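J.: Just so you know, the protein sequences line up as chains H and P, in that order. Residue numbering for the first sequence follows full-length UniProt numbering, beginning at 1 and increasing consecutively. Residue numbering for the second sequence follows full-length UniProt numbering, beginning at 1 and increasing consecutively. Glycine included, each C-beta is placed from N, C-alpha and C at the ideal position. Remember, it's a predicted structure, so these values are computed and weren't measured experimentally.
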Amino acid sequence: MSQTDFDVIVIGGGPGGYVAALRAAQLKLSVAVVEAQHLGGICLNWGCIPTKALLRASEINHLLHDLPAYGFKADGVSFDFKKIVARSRAVSKQLSAGVAHLLKKAKVPVFDGHGKLDGTLANGRRKVLVSKDGAAPTTLTAQHVILATGARARVLPGLEPDGQFIWSYKEALVPETMPKSLVVIGSGAIGTEFASFYRNMGADVTLVEVAERILPVEDVEISQLARKAFEKQGIRVLTSAKIGTLQKTATGVSIPVTVNGKADTLVAERVISAVGIVGNVEKIGLEGTKIQVDRTHVVTDALCRTGEPGVYAIGDLAGAPWLAHKASHEAVMCVEAIAGRKVHPIDPTKIPGCTYCRPQIASVGYTEAKALEAGYKVRVGRFPLIANGKALAMGEPDGLIKTVFDAQTGELLGAHMIGAEVTEMIQGYVIARTGELTEAELAETIFPHPTISESMHEAVLAAYDGALHF
Amino acid sequence: MAIEILMPALSPTMTEGKIARWLKKEGDTVSNGDVLAEIETDKATMEVEAIEDGIFGRILVPEGTEGVAVNTPIAIMVEEGEAVPDSAAPSSTSAAPAPAPAQAGAVAPSDAAASAPVAPAAASQASHTASRIVASPLARRIAAAKKVDLSTIKGTGPNGRIVKRDVETAASQPVAAAPRPSPQANAPLSTGTSRTVPHTTMRKVIARRLSESKATIPHFYVSMDVELDALMALRSQLNALSHDEGQDAFKLSVNDMLIKAAALALKQVPEVNASFTEDAMILHEDADISVAVSLDDGLITPIVRAADRKSLKQISQEAKSLVSRARAGKLKPEEFQGGTFSISNMGMFGVKEFAAIVNPPQAAILAIAAGKRQPVVSGDEIKVATVMTVTLSVDHRAVDGAMAAKWLSAFRSIVQAPLALVL
Chain H
1 MSQTDFDVIV IGGGPGGYVA ALRAAQLKLS VAVVEAQHLG GICLNWGCIP TKALLRASEI
61 NHLLHDLPAY GFKADGVSFD FKKIVARSRA VSKQLSAGVA HLLKKAKVPV FDGHGKLDGT
121 LANGRRKVLV SKDGAAPTTL TAQHVILATG ARARVLPGLE PDGQFIWSYK EALVPETMPK
181 SLVVIGSGAI GTEFASFYRN MGADVTLVEV AERILPVEDV EISQLARKAF EKQGIRVLTS
241 AKIGTLQKTA TGVSIPVTVN GKADTLVAER VISAVGIVGN VEKIGLEGTK IQVDRTHVVT
301 DALCRTGEPG VYAIGDLAGA PWLAHKASHE AVMCVEAIAG RKVHPIDPTK IPGCTYCRPQ
361 IASVGYTEAK ALEAGYKVRV GRFPLIANGK ALAMGEPDGL IKTVFDAQTG ELLGAHMIGA
421 EVTEMIQGYV IARTGELTEA ELAETIFPHP TISESMHEAV LAAYDGALHF
Chain P
1 MAIEILMPAL SPTMTEGKIA RWLKKEGDTV SNGDVLAEIE TDKATMEVEA IEDGIFGRIL
61 VPEGTEGVAV NTPIAIMVEE GEAVPDSAAP SSTSAAPAPA PAQAGAVAPS DAAASAPVAP
121 AAASQASHTA SRIVASPLAR RIAAAKKVDL STIKGTGPNG RIVKRDVETA ASQPVAAAPR
181 PSPQANAPLS TGTSRTVPHT TMRKVIARRL SESKATIPHF YVSMDVELDA LMALRSQLNA
241 LSHDEGQDAF KLSVNDMLIK AAALALKQVP EVNASFTEDA MILHEDADIS VAVSLDDGLI
301 TPIVRAADRK SLKQISQEAK SLVSRARAGK LKPEEFQGGT FSISNMGMFG VKEFAAIVNP
361 PQAAILAIAA GKRQPVVSGD EIKVATVMTV TLSVDHRAVD GAMAAKWLSA FRSIVQAPLA
421 LVL
């Protein structure tokens, strides 16, 4: 008979859940994972990773159509869309198998099935029921239960995914054919990345945002530059846009839209609804417990504890920001606290966010507006990539690095980047912010030449009126 | 632009200092390297030098002020023709003033030719983490701005690093005024007259460090009698080799030879050349011997570094220089901070035996009493020998009894068969 009692049971095997299990195993806790569908969760199977594989393809497509700019000539460039999608799936599959391997190596049992808290305690221990295909559930017990069931796409009335014309991110990741035209509703990271992918693959794309600017959580200057770049690429961008009732036609959809009182109708083969996500709070046994749910997210304290002692919630289930690295970090913190280690709550202003559209966008900490709102006196530095040698050499001159410092203490409050490879560079500022470096240490840091990252240095110097190359 | 001169941290243990003397007047022209002030630290009087040319604009902290926290603005420098701000302006980020520690000024010289039982030296290099303040750059800057003393804060960052939230928490709490009992309240009941002498900075440091040592270090003591005749005979022979005068002249003292003997014993029993920390034992490679030197108003422990690798002549010349400069208050911080083992010699006072207090973070201190002619049993016979009693005080967390005894035996063997000292 296999083991059914553990120190910790993790419900959900995504970047929150499997990391929690790995860390628990490292700390010599006995731990099990319950996963209903696929290890690696949305991130690995339907989110971060497969979209990056697709975006890589669209980036290559862009380059292939831009070859003359680099002195190349190639005729008859074409692609096999099915193969592009298949490659994306293969990457996901490989990584999901990798997670399974990691858990196996750490000797963490994975229970295949739907995990659910059972309200009653058994000898002071939490009960988790695991059910699969309607069979009688298996009962597991543990001292601690970590809920990491994640989130899914929010569905707006009239925009329910139909597997044909109306897509959520899932359908958008595995299309049968390349749509000729597409409307993307919602310009957060998900919507923006799909708009970028399909546009760079050649589709006519309209990006629709109800707020007054796209990527509304980013710094306003970054939003503006992103919009400019998208429009230059041929994406139609509508902001402050209200959509009406969608009509399906024989070949696609027609969506009435009002922008600043002006009515229009968007006609396209497909529409992607990317209007946010909701937490998977249903059917996991929260009913009748002291665990509170607020707008589809489990309410926790700063250390991920819910209203029930011994029950924790991490990752997307526990609320924004909906980022895999936030989930993983919460997982480690939560498990270390369970193991009796001293931990500190995660500071949301130290969590970076990345959007892999073209040009890429990355940021951490306060936007200039948020910093002012919070009462800081700020010093702001800006450095455009057009003044950076490496960016020019790469043929990627569009972009901006912006830094926001506390004028009084020199604290790096935030950093905002748009341009080539910025998602790979933002960690430099995150380290600075986490390590509490001031402008002085950043100014003293020697950045290698020639790199795009030199712009990060210049953006620091610029905040103190010392930029050398602009 | 105006630049603040901040109270410098002239030693790792320094948290506050006294402005002993201003050497420049307001309005004086100052060149880079000029001595601006003398700061009395916990150990000595140090000089603060100007690091830029300019006009000495304003003194913010008057001469004689005690307990000035490190990083407090103490004066303002301005450029030629520039108006002098009234008070400490927010300092420029591009020109952070960093007053440089300089040669020592004057601690009252002493003529007491003695050594003392205890030693308030600072942390050794090897265990700097124990005393060094680990704080993020941002935490340091906020602490300076809010006048929060980092040494009073417990860090909650990785490995106890002081981070922004710690400083902000500390700054938001009212400073708990340490109850300062008035001298009257604490004074012993006496019908006679008494007078109150304010503590010198050195006295405060001695009080703090030795209380800390006795309160936190579990001491134990091991004594042994050591015959000195062979060592004294060797000393006479070696001293006879010295030129009468000139650079090569030397005159070895018994103490010089005991410094080397202790160093060699530490190489033989390296477990004693250690520092205890919460996480690990730090074993020192070099035998850096702190030698207690008494001063009029306290004591200090200058260091003969790597004494195991130096000749007796080198040790003798070095010790002589260190002692005379210690008494003149002219030691540099690195000359009395660090050290891996201490020696305290009260032989010259005819002391029969005594036990010293361990000088943290060192693990042991050797107390040396007077050598005395006395009868000793050798085999079945009684002979007369010069015998001194030495007592090793030991931090039991770092060194156990048998190890301490082993060290003492090694020390005795070297002293009684002293040719090893000249190898």
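Starting from the beta carbon of Glu-436 of chain H, find every residue of chain P whose beta carbon is closer than 7 angstroms, and list them in chain order.
T.: Position 436 of the first sequence, counted from the first residue, corresponds to residue 436 of chain H. Near Glu-436 of chain H (Cβ distances below 7 angstroms), the residues of chain P are Ser-136, Pro-137, Leu-138, Ala-139, Val-163 and Lys-164.
J.: Report the residues of the stretch 408–419 of chain H with a CB closer than 8 angstroms to any CB of chain P, ordered along the chain.
T.: Gln-408, Thr-409, Gly-410 and Glu-411
J.: Using a Cβ cut-off of 7 angstroms, which residues of the stretch 33–54 of chain P contact any Cβ in chain H, in chain order?
T.: none
J.: Kindly indicate which residue of H:Ala-25, H:Glu-221, H:Val-271 and H:His-297 has the alpha-carbon position closest to the one of Leu-102 of chain H.
T.: As a position in the first sequence, residue 102 of chain H is number 102, starting the count at 1. Taking only the C-alpha atoms, the option nearest Leu-102 of chain H is H:Ala-25.
J.: From the DSSP output, read off the bridge partner residues of Glu-381 of chain P.
T.: Within the second sequence, numbered from 1, the residue matching residue 381 of chain P stands at position 381. P:Ser-378.
J.: Is any beta-carbon of chain P found at less than 7 angstroms from that of Glu-458 of chain H?
T.: To locate residue 458 of chain H, count along the first sequence from 1; it is residue 458. By this cut-off, Glu-458 of chain H is not an interface position.
J.: Taking a contact to mean a Cβ-Cβ separation below 7 angstroms, would you say Thr-403 of chain H touches Ala-459 of chain H in this structure?
T.: Within the first sequence, the letter at position 403 stands for residue 403 of chain H. Within the first sequence, the letter at position 459 stands for residue 459 of chain H. For Thr-403 of chain H and Ala-459 of chain H, yes; Cβs fall inside 7 angstroms.
J.: Quick one: complete beta strand (DSSP E) runs, 3+ long, within the stretch 317–342 of chain P?
T.: none
J.: Within 7 angstroms (strictly less), CB to CB, does Glu-441 of chain H reach chain P?
T.: Numbered from 1 along the first sequence, position 441 holds the residue referred to as residue 441 of chain H. With 7 angstroms as the cut-off, Glu-441 of chain H counts as an interface residue toward chain P.
J.: Specify, as a first and last residue, the run of the beta strand (DSSP E) that Tyr-312 of chain H falls within.
T.: Residue numbering aside, residue 312 of chain H sits at position 312 when the first sequence is read from its first letter. Per DSSP, Tyr-312 of chain H belongs to the beta strand (DSSP E) from 311–313.
J.: Which value, in whole angstroms, describes the spacing of the CA atoms of Lys-248 of chain H and Trp-46 of chain H?
T.: In the first sequence, the residue the question calls residue 248 of chain H occupies position 248. In the first sequence, the residue the question calls residue 46 of chain H occupies position 46. Roughly 26 angstroms between the two C-alpha positions.
J.: Return the chain-ordered list of same chain residues with a C-beta closer than 7 angstroms to the C-beta of Thr-239 of chain H, the five sequence neighbours on each side being excluded.
T.: Translated into the one-based positions of the first sequence, residue 239 of chain H becomes position 239. Cβ within range, chain order: Glu-209, Ala-211, Glu-212, Arg-213 and Ile-214.
J.: Step through the CB atoms of chain H and report whether any lies within less than 7 angstroms of the CB of Ile-3 of chain P.
T.: Here residue 3 of chain P is taken as the residue at index 3 of the second sequence, counted from 1. Not an interface residue.
J.: Return the CA-CA distance between Ala-113 of chain P and Ile-217 of chain P, expressed in angstroms with no decimal places.
T.: For the purposes of this step, residue 113 of chain P is taken as residue 113 along the second sequence, with counting starting at 1. For the purposes of this step, residue 217 of chain P is taken as residue 217 along the second sequence, with counting starting at 1. Low local confidence applies: a pLDDT of 36 at Ala-113 of chain P is under 50, so the model's placement there is unreliable, and no value is given.
J.: Using a Cβ cut-off of 7 angstroms (strictly closer), state whether Ile-142 of chain P contacts chain H.
T.: Translated into positions along the second sequence, residue 142 of chain P becomes position 142. It does; some Cβ of chain H falls within 7 angstroms.
J.: Is His-101 of chain H helix, strand or coil by DSSP?
T.: Mapped onto the first sequence, residue 101 of chain H falls at position 101. DSSP places His-101 of chain H within a helical segment (H, G or I) once states are collapsed to three.
J.: CA-CA distance, Ile-243 of chain H and Ala-263 of chain H?
T.: Reading the first sequence from its first residue, position 243 is the one you call residue 243 of chain H. Reading the first sequence from its first residue, position 263 is the one you call residue 263 of chain H. Using only the alpha carbons, I get a separation of about 9 angstroms.
J.: Short check: CB of Pro-360 of chain P to CB of Phe-336 of chain P, under 7 angstroms?
T.: Reading the second sequence from its first residue, position 360 is the one you call residue 360 of chain P. Reading the second sequence from its first residue, position 336 is the one you call residue 336 of chain P. No.
J.: Give the interface partners of His-329 of chain H over in chain P, defined as CB-CB distance under 7 angstroms, in chain order.
T.: Walking along the first sequence from the start, residue 329 of chain H turns up at place 329. Residues of chain P passing the Cβ test: none, with the nearest at roughly 14 angstroms.
J.: Span of the alpha helix (DSSP H) holding Cys-48 of chain H?
T.: Locating residue 48 of chain H in the first sequence gives position 48, counting from the first residue. Residues 48–65.
J.: Using only alpha-carbon positions, find the residue among P:Glu-4, P:Ser-393 and P:Met-46 that is nearest to Glu-52 of chain P.
T.: Residue 52 of chain P sits at position 52 when you count from the first residue of the second sequence. That would be P:Glu-4, whose Cα lies nearest to the Cα of Glu-52 of chain P.
J.: Exposed or buried, which one is Met-201 of chain H when buried takes at least 16 other CB atoms within 10 Å?
T.: Against the first sequence, residue 201 of chain H aligns to sequence position 201. Result: buried.
J.: Could you give the residue range of the alpha helix (DSSP H) that holds Leu-231 of chain P?
T.: Counted from its first residue, the second sequence places residue 231 of chain P at position 231. Looking at the DSSP string, the run of the alpha helix (DSSP H) that includes Leu-231 of chain P is 229–240.
J.: Which chain H residues sit within Cβ distance under 9 angstroms of Thr-156 of chain P?
T.: Taking the second sequence and counting its residues from 1, one reaches residue 156 of chain P at position 156. Neighbours of Thr-156 of chain P on chain H, chain order: Lys-342 and His-344.
J.: So the beta strand (DSSP E) Ala-20 of chain P belongs to, where does it begin and stop?
T.: Here the question's residue 20 of chain P lines up with position 20 in the second sequence. 16–22 is the extent of the beta strand (DSSP E) around Ala-20 of chain P.
J.: In the stretch 196–233 of chain P, which residue ranges form an unbroken alpha helix (DSSP H) of at least 4 residues, counting only runs that do not cross its ends?
T.: 201–216
J.: Helix, strand or coil for Cys-354 of chain H? Go by DSSP, reduced to three states.
T.: Reading the first sequence from its first residue, position 354 is the one you call residue 354 of chain H. Cys-354 of chain H: strand per DSSP, three-state reduction.
J.: Under a three-way DSSP split, which group does Leu-22 of chain H fall into?
T.: On the first sequence, residue 22 of chain H is found 22 positions in, with the first residue counted as 1. Secondary structure of Leu-22 of chain H (DSSP, three-state): helix.
J.: Which of the three DSSP states is assigned to Ser-413 of chain P in this structure?
T.: What you label residue 413 of chain P is simply residue 413 of the second sequence in a count that begins at 1. In this structure, Ser-413 of chain P counts as helix in the three-state DSSP scheme.
J.: Name the one or two DSSP bridge partners that Ser-344 of chain P has.
T.: Along the second sequence, one-based indexing puts residue 344 of chain P at 344. Paired residue(s): P:Ala-367.
J.: For His-416 of chain H, which beta-bridge partners are listed by DSSP?
T.: Here the question's residue 416 of chain H lines up with position 416 in the first sequence. Looking at the DSSP assignment, His-416 of chain H forms a beta bridge with H:Ser-363 and H:Lys-402.
J.: Looking at the secondary structure, which residues open and close the beta strand (DSSP E) in which Lys-232 of chain H lies?
T.: In the first sequence, residue 232 of chain H corresponds to position 232, counting from 1. Unbroken run through Lys-232 of chain H is the alpha helix (DSSP H), 220–233; no beta strand (DSSP E).
J.: For a test of the three-state rule: what should DSSP assign to Gly-57 of chain P, helix, strand or coil?
T.: Taking the first residue of the second sequence as 1, we reach residue 57 of chain P at position 57. The answer is strand: DSSP assigns Gly-57 of chain P an E or B state.
J.: Count the CB pairs spanning the stretch 243–256 of chain P and the stretch 275–289 of chain P that are closer than 8 angstroms, and state whether there are at least three.
T.: no
J.: Starting from Ile-243 of chain H and walking both ways along the alpha helix (DSSP H), at which residues does that stretch end?
T.: On the first sequence, position 243 is the one that residue 243 of chain H refers to. It is not in any alpha helix (DSSP H) - Ile-243 of chain H instead sits in the beta strand (DSSP E) that spans 241–243.
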